[in-house]
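Colleague: The following block contains the structure, expressed as structure tokens.
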């Protein structure tokens, strides 16, 4: 009964990792939107505000337990439920019955006959007792002897007490009968819509039923407000039945016709004719407003753009039972902010899977788009655990690269560090550059490579015809995957974030918390 609510609450606003690269051993899946309790699709959210105020309009969607299959959708307004769509088995829950006028006589068939016989016996006994009381009262009035009169009064008092007891018993039976015959008559659609908590008569096209309502009450602690909220389970059990065509055909039964479970004012679960439904989505006014907010509040960058702020992409490498991450960040740099800084951070054994070192490496390069749409890398610094390891600077005008103590005279081909390849792949894809001869400076040795844009939209970087790196780039310029062929290593994009989108996430989460909205 409580599984849906527990699932919603347990996933509500759990603590999200705020510093993804504080340790490179984190589980990168926690960085994805879904694992932060977020999505950019409103269809993935639901309200868990189960209390209805005023004339709130809501849409409630129910699924078969344990599945995502929608079996019923209801529109709720002013305490009424309307069927929007649903499977055939639930149609009777929304079909009203044209009621007759003679239910009062039909109700009498449900009166306990033992009670009727008991009432008749008590009435006869009371009549006889009335006569005794009358006769004894006359005798008391005529008696002159004080002692005898007192004795008669004592006997009369006992008889009158018996008389009162009989009258009380008869009234109790009549009250029970009147209580039964005064019960209202509902059809199933009324019961389903209003969730009655007191006994009633149920009518359909063929029969009239006496229904006893078994109410089970519980409470649960709301994880958002901290308040103790109510849960009511209503089990509508048929006690007895008569057929409308033959009211004398009375039968005793003990079976459940309908079960409803409410959390505050919201139907969470129902069971009818061996079919069950569990609330899977609740849309209310707060969720509708949230949809508008979500539409105007991007949670992730839409394209590889970093004007005025740093763009950080996180990649996951699943290796055996371990998950390791690599972070690629882009930002504007230089006095005129016309240069591009690319920083790639990961453990050494991510850069080179053959290594066992878990030292934190950072490859930081500065690139520029020169004349003729030529992408060049101007400088690079590589650090290990925060200490500079190697680096180089390129003088484009004079065609030289300072690599440690050495000076390399360069040709027309462009030189890049590992970090530069990431931006090069996006740049070639977005500018539709089919082929480019490049050099990769890996350590202190430049390696001659060929970068090729394939028909599949990948940028393949090869050495002497053998593929080394395969960058998959989407239409917005993001590298979605990097496959390092020699080690069969696949790095997969799991998150994209800027300062703006991080603030947007905080704004969205605050609205969700304030308005009881969660990610399903």
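Numbering (this note's numbering), first residue to last: 14 to 533. Backbone N, C-alpha and C fix where the C-beta goes; we use that ideal spot for every residue, glycine too.
If you follow the beta strand (DSSP E) that residue 205 is in, where does it begin and where does it stop?
Modeller: Here residue 205 belongs to no beta strand (DSSP E); instead the alpha helix (DSSP H) covers 201–207.
Colleague: I'd like to know whether the C-beta atoms of residue 179 and residue 150 end up nearer to each other than 8 Å.
Modeller: It is not a contact, given that the beta carbons lie outside the stated cut-off.
Colleague: To the nearest angstrom, how far is the alpha carbon of residue 190 from that of residue 244?
Modeller: Those two C-alpha atoms are separated by around 32 Å.
Colleague: Between the region 71–84 and the region 308–320, do at least 3 Cβ pairs fall closer than 8 Å?
Modeller: No contact exists between the region 71–84 and the region 308–320.
Colleague: Measuring alpha carbon to alpha carbon, tell me which of 286, 216, 333 and 498 ends up nearest residue 561.
Modeller: Residue numbering for the chain in the displayed model covers 14 to 533; residue 561 lies beyond these limits and cannot be assessed.
Colleague: Go ahead and label residue 470 buried or exposed: buried means 16 or more other beta carbons lie within 10 angstroms of its beta carbon, across all protein chains shown.
Modeller: Looking at its Cβ environment, which holds fewer than 16 other Cβ atoms inside 10 Å, residue 470 is exposed.
Colleague: Between which residues of its own chain and residue 175 is the CB-CB distance below 8 Å, once the five residues before and five after are set aside?
Modeller: Excluding residues within five positions, the ones whose Cβ falls inside 8 Å are 142.
Colleague: Check for me: the beta strand (DSSP E) holding residue 531 runs from which residue to which?
Modeller: Element bounds for residue 531: 530–532.
Colleague: Got a sec, what are the start and stop residues for the beta strand (DSSP E) residue 123 sits in?
Modeller: Per DSSP, residue 123 belongs to no beta strand (DSSP E) and is neither H nor E.
Colleague: Drop a sphere of 10 angstroms on the beta-carbon of residue 521, count the other beta-carbons inside from all chains shown, and report buried for 16 or more, exposed for fewer.
Modeller: By the neighbour-count rule (16 or more Cβ atoms within 10 Å), residue 521 is buried.
Colleague: Go through its chain and collect everything with a Cβ distance to residue 460's Cβ below 6 Å, but skip five positions before and after it.
Modeller: So the qualifying residues of the chain are 453.
Colleague: Which residues in the same chain have their Cβ closer than 6 Å to the Cβ of residue 421, if we skip the five residues on either side of it in sequence?
Modeller: Only 414 meet the Cβ criterion.
Colleague: Along the chain, where does the alpha helix (DSSP H) that runs through residue 188 open and close?
Modeller: It spans 159–194 - the alpha helix (DSSP H) in which residue 188 sits, taken as one unbroken run.
Colleague: Output the residue ranges of the beta strand (DSSP E) runs that lie fully inside the region 324–402 and measure 3 residues or longer, sorted by chain position.
Modeller: The region 324–402 contains these whole beta strand (DSSP E) runs: 324–332, 335–346, 352–360, 373–383 and 387–397.
Colleague: Span of the alpha helix (DSSP H) holding residue 231?
Modeller: It is not in any alpha helix (DSSP H) - residue 231 instead sits in the beta strand (DSSP E) that spans 220–234.
Colleague: DSSP three-state call for residue 517: helix, strand or coil?
Modeller: Looking at residue 517 - three-state DSSP - the assignment turns out to be helix.
Colleague: By Cβ distance below 7 Å, which residues in the same chain neighbour residue 34 in space, the five residues on each side in sequence not counted?
Modeller: The predicted position of residue 34 is uncertain, since its pLDDT is 27 and thus under 50; a value taken from the coordinates is nonetheless stated next. Here the set comprises 340 and 358.
Colleague: Taking one C-beta from the region 90–105 and one from the region 325–338 each time, how about it: are there three or more such pairs within less than 8 Å?
Modeller: Cβ pair count under 8 Å is below three, so no.
Colleague: Would you report the Cα separation of residue 36 and residue 370, rounded to the nearest angstrom?
Modeller: With a pLDDT of only 31 at residue 36, under 50, the local geometry of the prediction cannot be trusted, and the value read off the model is given with reservation. Using only the alpha carbons, I get a separation of about 15 Å.
Colleague: Taking only the alpha-carbon atoms, compute the straight-line gap between residue 254 and residue 228 and give it to the nearest angstrom.
Modeller: The straight-line gap from Cα to Cα measures roughly 21 Å.
Colleague: Run the CB neighbour count on residue 21, radius 10 Å, all protein chains shown included, and call it buried at 16 or more, exposed below.
Modeller: Note that residue 21 scores 40 on pLDDT, short of 50, meaning its location in the model is unreliable and no value can be drawn from it.
Colleague: Would residue 511 and residue 352 be called neighbours here (beta carbons separated by less than 8 Å)?
Modeller: Taking 8 Å as the Cβ cut-off, residue 511 and residue 352 do not qualify as a contacting pair.
Colleague: Of the choices 374, 132 and 262, whose alpha-carbon is the least far from that of residue 543?
Modeller: Residue 543 is absent from the model: the chain starts at 14 and stops at 533.
Colleague: Hey, out of 273, 302, 171 and 84, whose CA is closest to residue 530's CA?
Modeller: For residue 530, the nearest C-alpha among the options comes from 302.
Colleague: Using CA coordinates, which residue listed in 63, 404, 393 and 317 is at the minimum distance from residue 277?
Modeller: Among 63, 404, 393 and 317, the Cα nearest to that of residue 277 is on 63.
Colleague: Kindly indicate which residue of 95, 115 and 252 has the alpha-carbon position closest to the one of residue 203.
Modeller: Selected option, being the one with the closest Cα: 95.
Colleague: Name the DSSP bridge partner or partners of residue 133?
Modeller: Its beta-bridge partners do not exist; DSSP assigns none.
Colleague: Using a Cβ-Cβ cutoff of less than 7 Å, which residues in the same chain neighbour residue 430 once the five nearest sequence positions on both sides are dropped?
Modeller: Contacts found: 376, 378, 390, 393 and 454.
Colleague: Keeping to the same chain, check which residues put their C-beta closer than 6 Å to that of residue 447; ignore five residues upstream and five downstream.
Modeller: 466, listed in sequence order.
Colleague: So what's residue 526 in DSSP terms, helix, strand or just coil?
Modeller: Helix at residue 526.
Colleague: Taking the beta strand (DSSP E) that residue 458 belongs to, which residues open and close that run?
Modeller: From DSSP, the beta strand (DSSP E) with residue 458 extends over 458–466.
Colleague: Using the three-state DSSP reduction, which class does residue 480 fall into: helix, strand or coil?
Modeller: Three-state result, residue 480: strand.
Colleague: What did DSSP end up calling residue 305 once you bin it into helix, strand or coil?
Modeller: Reduced to three states, the DSSP call for residue 305 is helix.
Colleague: Do you know offhand how far residue 305's Cα is from residue 46's?
Modeller: So the two alpha carbons sit approximately 19 Å from each other.
Colleague: Compute the Euclidean distance between the alpha carbons of residue 39 and residue 462, then round it to the nearest angstrom.
Modeller: Reliability of the predicted coordinates at residue 39 is poor, the pLDDT of 32 falling under 50, and no value is obtained from them.
Colleague: Going straight from the alpha carbon of residue 76 to that of residue 85, what length do you get?
Modeller: Computed Cα separation, rounded: 7 Å.
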